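Down below is the structure, laid out as structure tokens.
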């Protein structure tokens, strides 16, 4: 496209705008399938200029179109499945079995999307493969299935199919902030009875003396995940939600949480989201469940999908689901901007030589679901240089940041539709470059 046309201009010719990219590529859908109104305008443009008219008919419309083409099967392969080596439809060999998410375009009414989803489900089942779950929201339609390559290949040619991709994998890495023996820890007091209730959607929560007085409930979606936190990520996030930065508080004899907490486990003991549910289904069930059962209206989602598509003209299913829930339930959802190794991890020295420029690279954009419009996205600031007194004179240990500069691993915006992201920043730590150990 040379100069973007407005959405209502496409609607006049029977086309629905589905997606747009930075390079001005757009995806359109025709519910009639014959493109008659669109073709009429192209034909009128090619005809001789009418008498008394200065330019061609529909010149303002047609002249902004550089090229028209159809989506190819490979265009419907998502980022994660391509990274796994499936870059063409032919790469999905007949007997290869994959668990995938099949996303449909938001091409029409909910009824139309439900009907198309049933058709896809019936096709998969007829091949002897299995549909695990289907989520149909106000704008998102997602099917989780385990199927052979010979079943998936035909779906890549279905016009209503947006993407076929591997399921999201959560980013649940978390470092220890401080070392502290429990006998030296302050006493954890109970929060005020009127303290707000915070729901932490993560990998569960473990018993801890600083947390136990504030925990109202431990649940899992689905229940078979259990509530124990094998990875430790959910427990750390819960501590941050209740206390913020603990380093100064640990000098006190007693500390008091600022909130009451409900832990909702979504990440399994294997460090993955539950295979038999789509991520929108898990998010919808967890947020609605905590909202209904505990009156929870503040939610923390310190998880991210590092390999998701983060296109400026279109958010992913995870972000769209959070947007819809925040609007419908009038709740506040806080999400992490996400983490990324400095310089993409190619050369660790780039953390020094390219900082902070690499933070503005397209690959460093906030990860899914942090680009959502109706959520609060939180980025990270450095708490200092990270170089202690022991290494002040060491040439091989180099700081990257000063205090309150962006953390070297944090991410930047924009988010959906080019909105400013992150919304807020908080102290999240820093990194140093240690030449001998190359880390």
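Residue numbers (this note's numbering): 111 to 549. Backbone N, C-alpha and C fix where the C-beta goes; we use that ideal spot for every residue, glycine too. All figures in this text were calculated on a predicted structure; none of them were measured in a lab.
Can you check which of these residues, the options, is closest to residue i by C-alpha distance?
| i | options | result |
| --- | --- | --- |
| residue 258 | 321, 352, 201, 245 | 201 |
| residue 251 | 262, 211, 263 | 211 |
| residue 356 | 324, 385, 371, 320 | 320 |
| residue 299 | 313, 494, 340, 325 | 325 |
| residue 304 | 466, 181, 406 | 406 |
| residue 437 | 467, 476, 469, 484 | 484 |
| residue 339 | 523, 318, 463, 240 | 318 |
| residue 375 | 315, 431, 346 | 315 |
| residue 307 | 401, 240, 232 | 401 |
| residue 449 | 254, 494, 487 | 487 |
| residue 611 | 254, 236, 272, 388 | Residue 611 falls outside the range modelled here, since the chain spans only 111 to 549, and no answer is possible. |
| residue 540 | 234, 332, 492, 241 | 492 |
| residue 476 | 494, 220, 524, 538 | 524 |
| residue 467 | 512, 358, 373, 518 | 518 |
| residue 526 | 469, 428, 494 | 428 |
| residue 388 | 232, 245, 341 | 245 |
Which same chain residues end up closer than 6 Å to residue i when comparing Cβ atoms and leaving out the 5 residues on each side of it in sequence?
| i | result |
| --- | --- |
| residue 198 | 184 |
| residue 418 | 426, 478 |
| residue 193 | none |
| residue 489 | 447, 520, 532, 535 |
| residue 361 | none |
| residue 433 | 482, 483, 484 |
| residue 416 | 281, 477 |
| residue 514 | 491 |
Spatial neighbours of residue i within its chain, please: CB distance less than 8 Å, with the 5 preceding and 5 following residues excluded, ordered by chain position.
| i | result |
| --- | --- |
| residue 603 | Since the displayed the chain opens at 111 and closes at 549, residue 603 lies outside it and no answer follows. |
| residue 435 | 393, 394, 397, 398, 441, 443 |
| residue 323 | 298, 299, 300, 301, 367 |
| residue 205 | 258, 259, 260 |
| residue 337 | 314, 315, 328, 329, 330, 373, 375 |
Please list, in chain order, all residues of the same chain as residue i whose beta carbon is under 7 Å from its beta carbon, the five residues on each side excluded.
| i | result |
| --- | --- |
| residue 226 | 214, 270 |
| residue 274 | 186, 187, 188, 191, 210, 212, 262, 265, 266 |
| residue 343 | 282, 284, 312, 313 |
| residue 454 | Low per-residue confidence applies at residue 454: pLDDT is 45, beneath 50, and the placement is therefore not dependable, though the value from the model is reported in the following sentence. Closer than 7 Å at the Cβ level, and outside the excluded window around residue 454, lie 473. |
| residue 542 | 496, 497, 507, 508, 509, 510 |
| residue 345 | 315, 316, 318, 339 |
| residue 203 | 259 |
So, under 8 Å CB-CB, residue i and residue j are touching, yes? Tell me the CB distance rounded to an integer number of Å.
| i | j | result |
| --- | --- | --- |
| residue 247 | residue 390 | 6 Å |
| residue 497 | residue 509 | 5 Å |
| residue 310 | residue 410 | 5 Å |
| residue 413 | residue 280 | 5 Å |
| residue 335 | residue 378 | 6 Å |
| residue 243 | residue 386 | 6 Å |
| residue 350 | residue 369 | 11 Å between Cβ atoms; not a contact. |
| residue 430 | residue 249 | 6 Å |
| residue 222 | residue 239 | That belief does not hold up - the Cβ atoms of residue 222 and residue 239 are roughly 24 Å apart, past 8 Å. |
| residue 253 | residue 268 | Going by Cβ atoms, the distance from residue 253 to residue 268 rounds to 12 Å, so no, they are not a contact pair. |
Could you name the residues that DSSP lists as bridge partners for residue i?
| i | result |
| --- | --- |
| residue 311 | 374 |
| residue 522 | 475 |
| residue 330 | 375 |
| residue 409 | 309, 443 |
| residue 508 | 543 |
| residue 488 | 446, 534 |
| residue 207 | 258 |
| residue 298 | 365 |
For the ligand ZN, any of its heavy atoms closer than 6 Å to the Cβ of residue i?
| i | result |
| --- | --- |
| residue 361 | The model on display carries no ligand, and the ligand ZN is accordingly not part of it. |
Counting only beta-carbon atoms, is residue i nearer than 7 Å to chain C?
| i | result |
| --- | --- |
| residue 417 | Note that chain C does not occur in the displayed structure, where there is just one protein chain. |
(request) Could you name each continuous alpha helix (DSSP H) segment of 4 residues or more that falls completely within the stretch 212-294, going from the start of the chain to the end? (result) The alpha helix (DSSP H) runs lying completely inside the stretch 212-294 and spanning 4 residues or more are 220-236, 259-265, given in chain order.
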